[in-house]
Amino acid sequence: ECLMDTSFILFSCFAFLSYFSAAFAGFGGVIIVLTLGAHLYPIKWMLPILLPLTLIANAYIFIRHHKYIDTSVLFKRILPFMGTGLVIGFTLFNLLHGELLRKAFGVLVILVAIRELINLIRGNQEKDLRLPRWLSTAYIFAAGLIHGVYASGGPVLVYTVNKMQLEKSVFRSTLSMVWLSMNIFLTASYAIAGKVNLESLKVSAYLMPSLIIGVLAGEI
6 ECLMDTSFIL FSCFAFLSYF SAAFAGFGGV IIVLTLGAHL YPIKWMLPIL
56 LPLTLIANAY IFIRHHKYID TSVLFKRILP FMGTGLVIGF TLFNLLHGEL
106 LRKAFGVLVI LVAIRELINL IRGNQEKDLR LPRWLSTAYI FAAGLIHGVY
156 ASGGPVLVYT VNKMQLEKSV FRSTLSMVWL SMNIFLTASY AIAGKVNLES
206 LKVSAYLMPS LIIGVLAGEI
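Once you know that position 209 of the sequence shown is 214 in the numbering used here, the rest is easy, because the numbers rise by one and skip nothing.
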């Protein structure tokens, strides 16, 4: 399959948008390219290609901005529950059929978009309201579940962590460490399963310019 056809050039542009968002805001590193790229390629083909790149983006942000990480939120509130959801979600990913995966992901994106539109119409009146501890824990577990299936649990986690009212730099750096931890597990699992291999890494290499330009632009 030609990697320089119109579809792949579009896919490269979508990847640029994703990694720009990851560096700029601390999230969006996969969901943007998956949502748009699903019109061009199967999700199960895209994920092994995107995960190593996302890992590089997360590692870069972690190295540059690790001093802003809120370790209490990271280790007590997020990683234990999101990690549990991640393992379950990854197991589901291996059981789901490709077309079902694509349709379910589409429903997820639409639901998140509708929620955000409602918040905009209401003027984000609930922005400053903190979530009860049990509800935020449930959302974080759900974020891990979604991340295990689609490597893009960002919308749910971002919504939850935003309620913790962290400072901007702390918010971005803490989320980047979450994604780094989750994506190390996913990339290793994909490699062990043979999904991340020399062929997929070759395609990943073609997307490196999108990653580099996106991350640098996001930092600026």
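Cβ atoms here follow ideal geometry from the backbone N, Cα and C, with glycine treated the same way.
It should be emphasised that the depicted structure is a prediction, and the values quoted were computed from it without experimental measurement.
Where Ser157 falls: helix, strand or coil (DSSP): For the purposes of this step, residue 157 is taken as residue 152 along the sequence shown, with counting starting at 1. Three-state DSSP puts Ser157 in coil, outside helix and strand.
Cutoff 6 Å; reference Leu52; Cβ partners in own chain excluding five residues on either side: Along the sequence shown, read from residue 1 onward, the residue named residue 52 stands at position 47. Cβ neighbours of Leu52 beyond the five flanking positions: Ala156.
Chain-order list of residues whose beta-carbon lies under 6 Å from that of Val163 (same chain, five-residue window excluded): Counting from 1 along the sequence shown, the entry for residue 163 is found at position 158. These residues qualify, in order along the chain: Phe32.
Alpha helix (DSSP H) segment containing Val92, residue limits: Here residue 92 corresponds to residue number 87 of the sequence shown, with the count starting at 1. Per DSSP, Val92 belongs to the alpha helix (DSSP H) from 84-98.
Assigned exposure category for Pro57 - 16 Cβ within 10 Å defines buried: Taking the first residue of the sequence shown as position 1, residue 57 is located at position 52. Under this definition Pro57 is a buried residue.
Cut-off 8 Å between Cβ atoms - residues of its own chain near Ser17, not counting five sequence neighbours on either side: The residue given as residue 17 occupies position 12 in the sequence shown. If we look at Ser17 and ignore the five residues flanking it on each side, its Cβ neighbours are Tyr211, Leu212, Pro214, Ser215.
Those runs of the alpha helix (DSSP H) which lie wholly inside the stretch 28-58 and span at least 4 residues: 36-42
Spatial distance of Ile126 from Lys200 (CA atoms): One-based indexing of the sequence shown puts residue 126 at position 121. One-based indexing of the sequence shown puts residue 200 at position 195. Rounded to the nearest whole angstrom, the CA to CA distance from Ile126 to Lys200 is 42 Å.
Proximity of Gly90 and Ala148 at Cβ, strictly below 8 Å: Position 85 of the sequence shown, counted from the first residue, corresponds to residue 90. Position 143 of the sequence shown, counted from the first residue, corresponds to residue 148. Taking 8 Å as the Cβ cut-off, Gly90 and Ala148 qualify as a contacting pair.
Boundaries of the alpha helix (DSSP H) in which Leu203 is found, first to last residue: Position 198 of the sequence shown, counted from the first residue, corresponds to residue 203. Counting along the chain, the alpha helix (DSSP H) containing Leu203 begins and ends at 203-211.
C-beta atoms of Leu15 and Leu55 nearer than 8 Å: Translated into positions along the sequence shown, residue 15 becomes position 10. Translated into positions along the sequence shown, residue 55 becomes position 50. Contact flag unset, no.
Between the CA atoms of Leu203 and Val166 - distance to the nearest angstrom: Residue 166 sits at position 161 when you count from the first residue of the sequence shown. Residue 203 sits at position 198 when you count from the first residue of the sequence shown. So the alpha carbons of these two residues sit roughly 36 Å apart.
Test item: CB-CB of Arg177 and Ala30 under 8 Å: Working through the sequence shown from its first residue, we reach residue 177 at position 172. Working through the sequence shown from its first residue, we reach residue 30 at position 25. Yes, Cβ-Cβ distance for Arg177 and Ala30 is below 8 Å.
Candidates Thr59, Asp75, Ile66, of which the one nearest Leu191 by Cα: The sequence position of residue 191 within the sequence shown is 186, counting from 1. Ranking Thr59, Asp75, Ile66 by Cα distance to Leu191 puts Thr59 first.
Straight-line gap, Thr76 to Leu101 (C-alpha atoms, nearest Å): Looking up residue 76 in the sequence shown gives position 71. Looking up residue 101 in the sequence shown gives position 96. Rounded to the nearest angstrom, the two C-alpha atoms are 35 Å apart.
Local Cβ density within 10 Å of Phe25, reported as buried at 16 or more and exposed below that: Here residue 25 is taken as the residue at index 20 of the sequence shown, counted from 1. Phe25 is buried by the Cβ-count criterion.
8 Å Cβ cutoff met for Met87 and Ile145: Sequence index remark: in the sequence shown, residue 87 carries index 82 (1-based). Sequence index remark: in the sequence shown, residue 145 carries index 140 (1-based). It is a contact, given that the beta carbons lie within the stated cut-off.
Tyr195, enclosing alpha helix (DSSP H) - first and last residue: Taking the sequence shown and counting its residues from 1, the one referred to as residue 195 is at position 190. Note, Tyr195: alpha helix (DSSP H), 173-197.
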